[in-house]
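Below you'll find the structure, written out as structure tokens, and then a few comments.
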Amino acid sequence: MIPALQQLFAHGTTKGKEQMGAMHGESRSILVVGLGRFGTAAARTLGELGEDVLAVDKDPMIVARWSGNVPVMEADLTDPLAVEQINASHFDAALVAIGDSVEASILATGNLLDAGIPDVWAKSVSHQHTRILQRIGASHVFRPETDGGKRVGHLLASRFLDYIEIEGPYSVVKVLTPSSVCGQSIANAQIRERFGVSVIGVKNPGEEFQYGSTDIVIRHNAELIILGAQKQIDRFIES
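In the numbering used here, the protein residues as written are 9 to 247.
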């Protein structure tokens, strides 16, 4: 949850990156498989957040192109021997970002799971692809285009500043403070009791981000991160 909250309030400053890295604690070793636009962006971001990253692609031209940006190696991880040669079992987590071949994605994911990596994330391009990745044991399966489209739809159809969907009927959103709670503390405004939403964080104008303790006074034009069901969130921002 914390990295997502930090992303919602991110300003792109060096200070912000240092704080985010500190919140992660000790860095993990993460293997990124596939250096398309998505995999490259993920690998670079992980590196900026202080993680120990190795990016792998089977295309020597792609490897050469990105060799100055992230630690990179040429290997085809659809081959179990290649997985063994790079000591994949020593990594804490892996991200399979292969999007141009469903077969290669499934084989690479399966090989990394067989190697004993405990946390394997995989990119999917279809519902059927998702089902297979889930069945072979991928820890997290995501569809960037579908997930991104849902997020943009929510932003266009609402007054949200940002939106994160989580398990079940709940979402985490960033909104501007409704007039009904301006100038009040979270406790005095009785936000949870009146609307059923929880205030996770507050960023008052000109101040640093604060977690949502009940004594924080919410100012006009403050940005709030709240957790709740869609109807509860709508009721709150319309108050």
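Virtual Cβ for every residue (Gly too), placed ideally from N, Cα, C.
query	result
In or out: ALA230 buried (at least 16 other Cβ within 10 Å) or exposed?	buried
According to the Cβ coordinates, are ALA197 and ILE226 closer than 8 Å?	yes
Here's the rule I'm using: 16 or more other beta-carbon atoms within 10 Å means buried, otherwise exposed. How should LEU89 be labelled?	exposed
Can you list, in chain order, the residues of its chain with a C-beta nearer than 8 Å to that of TRP129? Leave out the 5 residues immediately preceding and following it.	ALA101, ALA102, LEU103, VAL104, ALA146, SER147, HIS148, VAL149, PHE150
Quick one: complete alpha helix (DSSP H) runs, 4+ long, within the segment 89-130?	110-122
Within its chain, find whatever has a CB closer than 7 Å to the CB of ALA116; leave out the 5 residues flanking it on each side and keep chain order.	VAL41, LEU85, THR86, VAL104, ILE106
Taking the beta strand (DSSP E) that VAL40 falls in, what are its first and last residues?	37-41
Is ILE208 closer than 8 Å to GLY191 when the C-beta atoms are compared?	no
Based on Cα-Cα distance, which residue from ILE172, ASP223, GLU215 lies nearest to SER193?	ASP223
Is ALA96 near ALA123, with beta carbons less than 8 Å apart?	yes
Have a look at THR138, TYR178, GLU111, LEU232 and flag the residue whose alpha-carbon is nearest the alpha-carbon of PHE217.	LEU232
Can you tell me the Cβ-Cβ gap for ASN119 and VAL80, rounded? I've got them flagged as a contact below 8 Å.	In fact, because the Cβ distance is near 19 Å, the residues do not count as touching under 8 Å.
Measuring CA to CA, which of ALA49, HIS228, ALA195 is closest to GLY214?	HIS228
Could you work out which residue in ALA49, GLU56, PHE244, VAL180 is closest to TRP74 when comparing CA atoms only?	ALA49
Distance, Cα to Cα, ILE140 vs ILE114?	8 Å
Rounding to the nearest angstrom, what Cα-Cα distance links HIS98 and HIS135 in this structure?	31 Å
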